[in-house]
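Residue numbers (my numbering), protein chains in the order written: chain W, 6 to 271; chain Y, 163 to 458.
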């Protein structure tokens, strides 16, 4: 049990809103192994982003414990880097400066400026953004912004990469390309990744395990599907792969048959 | 569309066919054509941009000339222009404290505005940051600001005279107190509207408090702050004229009052134009600064 890299033990999350209490998550138990790629999938409002924010430390659970590398998660930190849904690059800084800000915060105490700049360069090269490093975020496309967001996270050499629907706002083709690149980067860096998504194909293509969540309020983990497809995975070959089709069917079945989303009147 | 049709045969038939040449030529001949109407269009838009403001000015001067045609105490545009030429021929003379060139008067007024406004910025902007950042401070100061903001600037002048026992600091005090509010309020609103995402980034990156202020809060608030500064400078320039009329000394406001006592109406009209133009220049200057710091 203690081998798990990230461990969520019976976490509960209750928000105090103006309309009263909102019970978002109940009884969440999850273990993530080192080097594992996990996706959280579920209908909107099921609390998957809340769970990610708990792991990030941006939220503290109402009850329960979260551990990362056997230490309790009490606050956010660069060892659990977050790639935000809307990239969240600072618009007044260039791509280089955006990445450098994180690098400086993590390594600034013990490394020279030149080394920090090298790290920044390397991270931008990893995501193929060297050509635009001195551009401001509003001068580049949505896909490029998200690449820089990933570079910012990776440059901090995090223990875990937390991604909150990182490709949600992108068009299908750009999304596919970034997914492929993410697969390569993760293979190279051997990162542990927890990713929130609502895209079934994305979940199955990328993950080792797909964590499927029930509908809120008081959502919890409904089922965990192991995706036993050898890596490196190729999107084209997988399209007809029976394991892939099977896994995809299982997720769709969970989401649309057993836990179909019912829109409630607010 | 047309050029696409012309291009495609040329691209496909790279062999020097006899047909290729005549098709190539019309393309070249036609290419400059769309440029010409565009240039004409530019002239048009230039006209359209220049004409209305010029017409507006002409209307103002025309009405003015028409109304002063019969003579009377009000000078005609021509007389005013002549007076202005004479006045601006030597803007920086000095014959004692009550008779100085218009240049000096403007500069003294600007100096008071700069001092009062500078002090207001030095106090108001940090205050806005505190009010925006801490809810307690917000609820503490909001009623005070709501109470004091609508007070006419000149109501503060007697307090200034009482406290400082001198006209010049009293005028600066008046500028200070009425130009501080837009900066406080706008800065506070700016701080409150810093996107939550940016603050989350700061938390994940574990930025130091100093970095949070310099790299996130300050740049995010800057556009709001500059709006406040612009409003403040406008108010300050409005107020200085009135304040100087009451306090005297060298300054454009006092100059207007002095010329009224001399019954030199032409000079009063010139002063009105000068005050307007200086106000406009201040506004433009700050607009340019604000544009420089907008990120989208």
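C-beta atoms are modelled at their ideal positions from N, C-alpha and C, and glycine is treated no differently. All values reported here derive from a predicted model rather than from experimental measurement.
{"query": "Test: residue 365 (chain Y) CB closer than 7 angstroms to a CB of chain W", "result": "yes"}
{"query": "Cross-chain neighbours of residue 369 (chain Y) in chain W, by beta carbon under 8 angstroms", "result": "106 and 110"}
{"query": "Contact set between residue 61 (chain W) and chain Y, taken where Cβ atoms lie within less than 8 angstroms", "result": "366"}
{"query": "Nearest-angstrom Cα separation, counted from residue 432 (chain Y) out to residue 368 (chain Y)", "result": "59 angstroms"}
{"query": "Per-residue DSSP class, three states only, for residue 282 (chain Y)", "result": "helix"}
{"query": "Classification of residue 259 (chain W) by the beta-carbon crowding that lies within 10 angstroms, buried from 16 upward", "result": "buried"}
{"query": "Where the beta strand (DSSP E) through residue 34 (chain W) begins and ends", "result": "25-37"}
{"query": "Within-7 angstroms CB hit, residue 196 (chain W) to chain Y", "result": "no"}
{"query": "Every unbroken beta strand (DSSP E) within the segment 200-242 of chain Y, with a cutoff of 3 residues, ordered by chain", "result": "none"}
{"query": "Neighbour-count burial assignment, residue 30 (chain W), 16 or more Cβ in a 10 Å radius", "result": "buried"}
{"query": "One or two residues paired with residue 43 (chain W) in a DSSP bridge", "result": "W:199 and W:214"}
{"query": "Contact set between residue 82 (chain W) and chain Y, taken where Cβ atoms lie within less than 8 angstroms", "result": "366 and 368"}
{"query": "7 angstroms Cβ cutoff, residue 451 (chain Y) in contact with chain W", "result": "no"}
{"query": "Contact the segment 341-361 of chain Y vs the segment 392-405 of chain Y: 3+ CB pairs below 8 angstroms", "result": "yes"}
{"query": "C-alpha distance - residue 104 (chain W) paired with residue 287 (chain Y), whole-angstrom precision", "result": "30 angstroms"}
{"query": "The segment 176-190 of chain W contacting the segment 198-215 of chain W, beta-carbon criterion three pairs below 8 angstroms", "result": "yes"}
{"query": "Three CB pairs or more closer than 8 angstroms across the segment 397-410 of chain Y and the segment 208-228 of chain Y", "result": "no"}
{"query": "Nearest-angstrom Cα separation, counted from residue 276 (chain Y) out to residue 90 (chain W)", "result": "45 angstroms"}
{"query": "Within-7 angstroms CB hit, residue 93 (chain W) to chain Y", "result": "yes"}
{"query": "According to DSSP, residues forming a beta bridge with residue 204 (chain W)", "result": "Beta-bridge pairing links residue 204 (chain W) to no other residue."}
{"query": "Test: residue 87 (chain W) CB closer than 7 angstroms to a CB of chain Y", "result": "yes"}
{"query": "Candidates Y:334, Y:263 and Y:270, of which the one nearest residue 282 (chain Y) by Cα", "result": "Y:334"}
{"query": "Cβ-based neighbour list, residue 160 (chain W), same chain, cut-off 7 angstroms, excluding 5 preceding and 5 following", "result": "104, 107, 108, 124, 125 and 128"}
{"query": "For residue 455 (chain Y), three-class secondary structure by DSSP", "result": "coil"}
{"query": "Residue range of the unbroken alpha helix (DSSP H) whose run includes residue 272 (chain W)", "result": "With chain W covering only 6 through 271, there is no way to say anything about residue 272 (chain W)."}
{"query": "Any 3 or more C-beta pairs closer than 8 angstroms across the segment 33-41 of chain W and the segment 146-156 of chain W", "result": "no"}
{"query": "Cβ shell of residue 117 (chain Y) (< 7 angstroms), same chain only, five flanking positions each side left out", "result": "Not covered by the structure: residue 117 (chain Y). The range shown for chain Y is 163 to 458."}
{"query": "Test: residue 381 (chain Y) CB closer than 7 angstroms to a CB of chain W", "result": "yes"}
{"query": "Contact set for residue 228 (chain Y): own chain, Cβ-Cβ below 7 angstroms, skip 5 residues either direction", "result": "none"}
{"query": "Residue 154 (chain W) - containing alpha helix (DSSP H), residue span", "result": "147-160"}
{"query": "Backbone secondary structure at residue 73 (chain W) - three-state DSSP", "result": "strand"}
{"query": "Beta-carbon gap between residue 339 (chain Y) and residue 318 (chain Y) smaller than 7 angstroms", "result": "yes"}
{"query": "Under 7 angstroms between C-beta atoms of residue 268 (chain Y) and residue 414 (chain Y)", "result": "yes"}
{"query": "Buried/exposed call for residue 214 (chain W), threshold 16 Cβ in 10 Å", "result": "buried"}
{"query": "Residue 374 (chain Y) to residue 223 (chain W) span [Cα, whole Å]", "result": "35 angstroms"}
{"query": "Chain W within 7 angstroms of residue 454 (chain Y), Cβ atoms only", "result": "no"}
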